[in-house]
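Under our numbering, the first residue of the sequence shown is numbered 901, with each subsequent residue one higher. We put the beta carbon where it would ideally sit given N, CA and C, even for glycine.
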Amino acid sequence: MQMPDRPISGDYPRPRARPLGVSRTPGDSLAANVAVWAPGLEAVDLIWSEPGLPWQRHTLGYLEGGVHFDLIHVSAERAAAAADSDLDPYTFMALPPGTRYGFIPSSSAMLREGNRTPETEQILLDPHGHGLERVSRPDALSAHDPRMDAYGTRYVSSVVDERFDWGGDVHPDIPWRDTVIYEAHVKGLTIQHPDIPEELRGTYAGLAHPVMIGYLRDLGVTTVELLPIHAHLDEPHLTENGLSNYWGYNTLSYFAPHAAYATVEARARGTQGVLEEIKTMVKALHTAGLEVVLDVVYNHTAEGGPTEPAYCWRGLGDADWYRHHDGHYLDVTGCGNTLDFANTNVVRMALDSLRYWVRQLHVDGFRFDLAPALARGARHIFSPRHPFLVAAVADPVIGASKLIAEPWDVGMGGWQTGNFPPGWADWNDAYRDTVRDFWLTDQRIKASGGTGGGLSRLADALAGSVDRFAASGRTPLAAVNFVTAHDGFTLYDLTAYDQKHNEANREGNRDGTNDNHSWNHGEEGPARTASVRAARARTARNIMATLLLSQGVPMITAGDEFLRTQHGNNNAYCQDSPIGWVNWKKTPADRAMLACTKELLQLRRRFLRSQPDDYMKRVNDVRMEWFSPSGEHMQPHEWQTSGFRTVQMVVGARASTTTGLVLVNGDSSDVEVTLPGLDALQGLITQGEDTHPEESPSGFELLFSTEAALRTSYGTQYRAGASTVAPALSMTVLRVI
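Take a look at the structure:
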């Protein structure tokens, strides 16, 4: 450590290498502590401008383990004024809220020459900076454009006041077994909602509006998962094409929020206003019993490839912040760079960021983009025991949150679904492909004269992919089941397009996957015939029913509940336009799908309420039995027989008297089915000491079907062993009575 340039007495605040960023010194001191990990720089200068004052410069005088740090003191005059004033002491502190600041190498001539300012040169941002403000934009872009996201724009970090009246806010703490995730984009969800005031549409405040909250509660979801709200940039090629990174997977700050999603009023107050609008949103959602999960991108940064500008990490220590191999960037993200989670200080930044969003903004969890990139060691190999994965679960703040991995990246050994450790849940992409294949790909094959696949993969998906998660010591509660997400076709588009249609992305339709597992039901795009429209709607109902009746944790993509379309675009990452936004104008078919989704969610809640609290926490406590159309238990050869596509799934808990039967018919013809007989039913429900003989199961009650013609028959009862018809291409739910 360098020797201080002033003596430090016993009661004088000492500079500290931790915490990183700008922090307040203990006690009554008005000084601010500044610390930044910049292992690539021999000496670092802090430059700052307090509100209404000119830019100043100070060399951080201490160095420890690559961390440059020092105290910034107030002037004697301000200290005296603070002692004589009853005003908020924050007003008199060094680096008070509203202060703009950044870092530059001590050798830089910046601010030593009259024409050099943060408005003309990009200073290095604070990796731990809680605020981010734009000080200039490229000449080619409008100065009034609210986006903080174009390359060539110059930014500074800013100090914010973390105080906020939470009013007794508490985390809803929804158990995993009751969780239903709703993936949404802050702007896209409300920008076209006619019942939300125009000035609030597309904003954090719009999401917090009673109309939106009422809709989410009425729908029946529990957890809103927001696409990235960390401050982010557009890639240069998008700016050149007049597009933007709509999804936001290009992070510029892991602490500062994205200002473009705030109202004009909040943005006028700078980062402070944006931050308070987000907190108000979280508080409102919590009051309604809804959780907030953030999609976070710690695998790479907005600095892109090695030739792009240094906004922060690259300038502070390129060789230490990013992964390298043989002198070149090792990119396992496909985005130009990969943060090096083999480095303790990179792990520290991510953990500090996560802790900040839980403590200061009260969020309830995180979905980690390209999560294997965060768990690769010094040899770049994924390990479920990586320190970051372990530390996140072990941390009392972070570990109490929901931690969801997108369990793949583009590096060697990048597909890790089912391999994350206890305490983590995984996006279940195998589930996605299986359900699409059963209801879409196989139907296309059958329509062309083939037989389609069998039942084994679908049964595994319905059962929660037990074997896939068992090896890591987890149950189906670790499986976040989804059929669609922000990336790919919407539910409607899966039924309407065989090919992607990404022309609006201006990349010659080359971007986006070609492996969609979709089926257009005979017509590409909007259907001209009523029969095709009806077939698509039936397929969508079957997919939604499969998702919401499976063991595990379901995730619905915003708008799928009423057949939102992106007109065949399966990579709308750059479509900050009606293509990427939710359209709230509903057709009769859309409203019918919404009613079906609500009905399924109500059915799911009703079933789970009657199960023990630990349902799905232990696999052996979940009872599942499988019957063929004959009413007999499924035989091994039936699971593997191509074209055998009808099965009865009986599910419940060993310690519960409520059991359901899900009848799946994936055949294009009606199938006569014999329901399980009385002997089979007697063994399905645990008989407790208080069970009376008249409570023994004797038959079934019809509760739901994706076949619309059966709606008028809800409540119909069937005796055990009775015959019924499973309508073609349908899912039907009965209750054991």
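Look at the beta carbons and you see the segment 1370 to 1385 not touching the segment 1477 to 1485: under three pairs across the two are nearer than 8 Å. Nearest to residue 1085 by alpha-carbon distance, out of 996, 1194, 1179, is 1194. Spatial neighbours of residue 973 in its own chain (CB-CB distance under 7 Å, excluding positions within 5 residues in sequence) are listed in chain order as 931, 994. Bridge pairing for residue 1453: 1380 [DSSP]. Taking a C-beta distance under 8 Å as the contact criterion, residue 1295 and residue 1307 do not qualify as a contact pair.
Residue 1184 holds the alpha-carbon nearest to the alpha-carbon of residue 1067 among 1159, 1184, 1177, 1277.
C-alpha of residue 1471 to C-alpha of residue 1134: approximately 16 Å in a straight line. Residue 1238 and residue 1623 have their C-alpha atoms spaced approximately 59 Å apart.
Exposure of residue 1225 is indicated by the presence of fewer than 16 other C-beta atoms within 10 angstroms of its C-beta. The C-alpha of residue 1617 lies about 30 Å from the C-alpha of residue 1335.
Contact fails between the segment 1501 to 1519 and the segment 1543 to 1550, because fewer than three Cβ pairs, one in each stretch, are under 8 Å apart. Spatial neighbours of residue 1504 in its own chain (CB-CB distance under 6 Å, excluding positions within 5 residues in sequence) are listed in chain order as 1448. No residue range can be given for residue 1485, since it is assigned to no beta strand (DSSP E) and is classified by DSSP as neither H nor E. Residue 1555 is not a Cβ neighbour of residue 1597, given a cutoff of 8 Å. Relative to residue 1142, the option among 1405, 1344, 940, 978 whose CA is nearest is 1405. Taking the C-beta atoms as reference points, residue 1318 is found no nearer than 8 Å to residue 1282. In summary, residue 1578 is exposed, with fewer than 16 beta-carbon neighbours lying within 10 Å of its beta-carbon over all protein chains present. Counting only runs of at least 3 residues, the segment 964 to 1018 fully encloses the following beta strand (DSSP E) elements, listed from N- to C-terminal order: 967 to 972, 1000 to 1005.
Bridge pairing for residue 1527: 1533, 1548 [DSSP]. Taking a C-beta distance under 8 Å as the contact criterion, residue 1017 and residue 1025 do not qualify as a contact pair.
Scanning its chain for C-beta atoms nearer than 7 Å, with the 5 sequence neighbours on each side dropped, one finds around residue 1246 the residues 1221, 1239, 1240, in chain order. Counting C-beta pairs closer than 8 Å gives three or more between the segment 1026 to 1037 and the segment 1152 to 1170, which meets the contact rule. Straight across, the Cα-Cα distance linking residue 1409 with residue 1469 is about 9 Å.
One Cα belongs to residue 1149, the other to residue 1403, and the distance between them is close to 21 Å. Excluding its 5 nearest sequence neighbours in each direction, residue 1323 has C-beta neighbours in its own chain below 6 Å: 1293, listed in chain order. DSSP places residue 1366 within a helical segment (H, G or I) once states are collapsed to three.
Here the alpha carbons of residue 1262 and residue 1289 stand approximately 21 Å from one another. Residue 939 places its beta carbon less than 8 Å from that of residue 966. In the structure shown, residue 1516 adopts coil according to DSSP, grouped into three states.
Between residue 1002 and residue 1074, the C-beta spacing is not below 8 Å. Approximately 36 Å separates the beta-carbon atoms of residue 1280 and residue 1340; this is outside 8 Å, ruling out the contact. Counting only residues of its own chain and dropping the five nearest sequence neighbours on each side, residue 1277 has a CB closer than 7 Å to the CB of 1242, 1283, 1286.
Taking the Cβ atoms as the reference, residue 969 lies roughly 6 Å from residue 934, within the contact range of under 8 Å. Under DSSP, residue 1239 shares a beta bridge with 1222.
Here DSSP, grouped into helix, strand and coil, assigns residue 1302 to strand.
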